[in-house]
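Participant: Read in order, the letters of the sequence shown are residues 82 to 404 in my numbering. Just so you know, even glycine gets a beta-carbon here, dropped at the ideal spot from N, CA and C.
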Amino acid sequence: MIPLDGPYYEELRVGQEMPRQPSVVIDDGMAALYQSMVGERLPMVMDPAVCEAVTGRPGRLASPALVMHLSIGHSTTLTRRAIANLFYRDVRLLKPVFVGQSVATTVTVAALADSRARPGRPHRGKVLVDIVTTADGEPAVTYQRAPLLPQRGDSQPDHDDDLGTPSPLDLASYAELVPAHWDFSPLGAGAEWQPGTTLADPARDVVDNALALVRLTNNLAMVHRDAAESPYPQRLLYGGHVVGLAQASLSRVLPGMATVVGWHGCDHTGPAFEGDQVSFRHTLLDKAPAASGRLFAVQVEGFAHRQGEPDQILDWTAIAAAP
């Protein structure tokens, strides 16, 4: 049993499985509420007729970003006290999740590493976490994340595990995540986008409904709910909120986008806050055939426009499937 005010870094051990949050069904109401927050243009998420034409099964695809928000929210049994999330790594959406399915998540401590001690700063540590989310009991998402957690006490536990490094992008390895029977033709002709080309989305957006998304996805991290827990004068925005807006932007610049099957990497390069004006630019790193469509590896950079030059807040490499 994890205390309501924890866990703290030194209370964790490698191999420890965290208590599970309740499973949740992605229903039409949740899907509609999420759509109102981000305004993405994924045809298979918005129209069951299009989804059935592509997949051969009735129903609507659940937004892959919403699936990730629920998974990340489930993982916050470990990160109630998180200071920051350092990265997400090797996110793979193993199978599409549809509206009406129930998602549940297992969270396991994979590695621990003390942060360098600094005079006048409470001790803290890095935690590498293995996460598996299921849809109706079948594995649907796997990935790692690395939160930074505070210590409760003054004595460091002397953990020095290797948290690993990102692997090079291998776009072909994601092809198996696109169902072979999907017919991409109902999604249109697709984009003629060449690797190395950057597309800036001219439609900037505003971050709002921050607390609503946190509550909708059972995200327990106090830093997103309480300004007193934030290292800034205001609540720190849940980083996945920026990713959700980034995916919506990607759906505008990549016509007929079917879904996202992976995140090669995701770094929150700066803090974001409710009310921020944000913009996104998209650089195609690589593309490859997959089923009857294609995979696009896209570096998505997010910026907050406050005073002076924009501040970069996101560096996300998404693996999108599209015609």
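Measure the C-alpha to C-alpha separation of VAL210 and ALA191 and round it to an integer number of angstroms.
Facilitator: By 1-based counting over the sequence shown, the position of residue 210 is 129. By 1-based counting over the sequence shown, the position of residue 191 is 110. So the alpha carbons of these two residues sit roughly 5 Å apart.
Participant: At which residues does the alpha helix (DSSP H) containing ASP109 begin and terminate?
Facilitator: Here residue 109 refers to the residue found at position 28 of the sequence shown. Segment 109 to 119, the alpha helix (DSSP H) holding ASP109.
Participant: Grouping DSSP H, G and I as helix and E and B as strand, with all else coil, what is VAL324?
Facilitator: Within the sequence shown, numbered from 1, the residue matching residue 324 stands at position 243. Correct three-state label for VAL324: helix.
Participant: Out of LEU93, ALA401, LEU252, GLN388, point me to the one whose CA is closest to HIS240's CA.
Facilitator: In the sequence shown, counting from the first residue as 1, residue 240 sits at position 159. If we check each option's Cα against that of HIS240, LEU93 comes out closest.
Participant: Using a Cβ distance threshold of 8 Å, determine whether the segment 359 to 377 contacts the segment 263 to 279, with at least three qualifying pairs required.
Facilitator: Yes, the segment 359 to 377 touches the segment 263 to 279.
Participant: Tell me the DSSP secondary structure of ARG296 in three-state form.
Facilitator: Here residue 296 refers to the residue found at position 215 when the sequence shown is read from its first residue. Helix.
Participant: Can you pull the DSSP bridge partners for ARG101?
Facilitator: Indexing the sequence shown from 1 puts residue 101 at position 20. ARG101 is not bridged to any residue.
Participant: Hey, out of VAL180, THR246, LEU147, whose CA is closest to ASN57's CA?
Facilitator: Residue 57 lies beyond the residue range present for the chain, which begins at 82 and ends at 404; the question has no answer from this structure.
Participant: Could you check if GLU390 is buried or exposed, using at least 16 other CB atoms within 10 Å of its CB as the buried criterion?
Facilitator: For the purposes of this step, residue 390 is taken as residue 309 along the sequence shown, with counting starting at 1. Exposed, since its Cβ has fewer than 16 Cβ neighbours within 10 Å.
Participant: For VAL135 and TRP274, I'd like the C-alpha separation in whole angstroms.
Facilitator: For the purposes of this step, residue 135 is taken as the residue at position 54 of the sequence shown. For the purposes of this step, residue 274 is taken as the residue at position 193 of the sequence shown. Answer to the nearest angstrom: the Cα atoms are 22 Å apart.
Participant: If you follow the alpha helix (DSSP H) that GLU133 is part of, which residue opens it and which one closes it?
Facilitator: What you label residue 133 is simply residue 52 of the sequence shown in a count that begins at 1. It spans 129 to 136 - the alpha helix (DSSP H) in which GLU133 sits, taken as one unbroken run.
Participant: Between which two residues does the alpha helix (DSSP H) holding SER156 run?
Facilitator: If you number the sequence shown from 1, residue 156 lands on position 75. Counting along the chain, the alpha helix (DSSP H) containing SER156 begins and ends at 145 to 156.
Participant: Which value, in whole angstroms, describes the spacing of the CA atoms of ARG141 and ALA261?
Facilitator: The count along the sequence shown starts at 1 and reaches residue 141 at position 60. The count along the sequence shown starts at 1 and reaches residue 261 at position 180. ARG141 and ALA261: Cα-Cα distance of roughly 18 Å.
Participant: For the segment 217 to 305, list the beta strand (DSSP E) runs that are entirely contained and at least 3 residues long, ordered along the chain.
Facilitator: Listed in chain order, they are 219 to 231, 279 to 281.
Participant: Measure from the alpha carbon of SER248 to the alpha carbon of each residue in THR160, PRO203, CYS347, then state which is nearest.
Facilitator: The count along the sequence shown starts at 1 and reaches residue 248 at position 167. Of THR160, PRO203, CYS347, the residue nearest in Cα terms is CYS347.
Participant: Label ARG197 either buried or exposed according to how many other C-beta atoms from any shown protein chain fall within 10 Å of its C-beta, with 16 as the threshold for buried.
Facilitator: On the sequence shown, position 116 is the one that residue 197 refers to. It counts as exposed.
Participant: Restricting to Cα atoms, I'd like to know which of HIS363, GLY321, GLU257 is closest to PHE354.
Facilitator: Locating residue 354 in the sequence shown gives position 273, where the first residue counts as 1. Considering only alpha carbons, the answer is GLY321.
Participant: Using the C-alpha atoms, what's the distance from ALA293 back to VAL304?
Facilitator: Here residue 304 corresponds to residue number 223 of the sequence shown, with the count starting at 1. Here residue 293 corresponds to residue number 212 of the sequence shown, with the count starting at 1. Between VAL304 and ALA293, the C-alpha separation is close to 15 Å.
Participant: Between SER311 and the rest of its own chain, which residues show a CB-CB distance below 8 Å, the 5 nearest in sequence each way excluded?
Facilitator: Along the sequence shown, read from residue 1 onward, the residue named residue 311 stands at position 230. Taken in chain order, the residues that qualify are VAL304, LEU317.
Participant: When the Cα of PRO100 is compared with those of VAL119, CYS132, PRO129, THR157, which residue comes out closest?
Facilitator: Locating residue 100 in the sequence shown gives position 19, where the first residue counts as 1. Measuring from the Cα of PRO100, the nearest candidate turns out to be THR157.
Participant: Just mark ALA284 as buried or exposed, buried being the case when its beta carbon has 16 or more other beta carbons within 10 Å.
Facilitator: Translated into the one-based positions of the sequence shown, residue 284 becomes position 203. Classification for ALA284: exposed.
Participant: Have a look at the DSSP bridge pairing and note the partners of PRO370.
Facilitator: The residue you call residue 370 lines up with position 289 of the sequence shown. DSSP, once it has assigned bridges, lists ARG375 as partnering PRO370.
Participant: DSSP three-state call for TYR89: helix, strand or coil?
Facilitator: By 1-based counting over the sequence shown, the position of residue 89 is 8. TYR89: coil per DSSP, three-state reduction.
Participant: Would you call the CB atoms of MET149 and VAL213 closer than 8 Å?
Facilitator: The residue you call residue 149 lines up with position 68 of the sequence shown. The residue you call residue 213 lines up with position 132 of the sequence shown. Not a contact, by the Cβ cut-off of 8 Å.
Participant: Excluding the 5 residues preceding and the 5 following GLY120 in the sequence, name in chain order all residues of the same chain whose CB lies nearer than 6 Å to its CB.
Facilitator: Position 39 of the sequence shown, counted from the first residue, corresponds to residue 120. For GLY120, where only same-chain residues beyond five positions count, the Cβ hits under 6 Å are ALA329.
Participant: The beta strand (DSSP E) that contains LEU405, what's its start and end?
Facilitator: Nothing in the structure corresponds to residue 405, since the chain is present only between 82 and 404.
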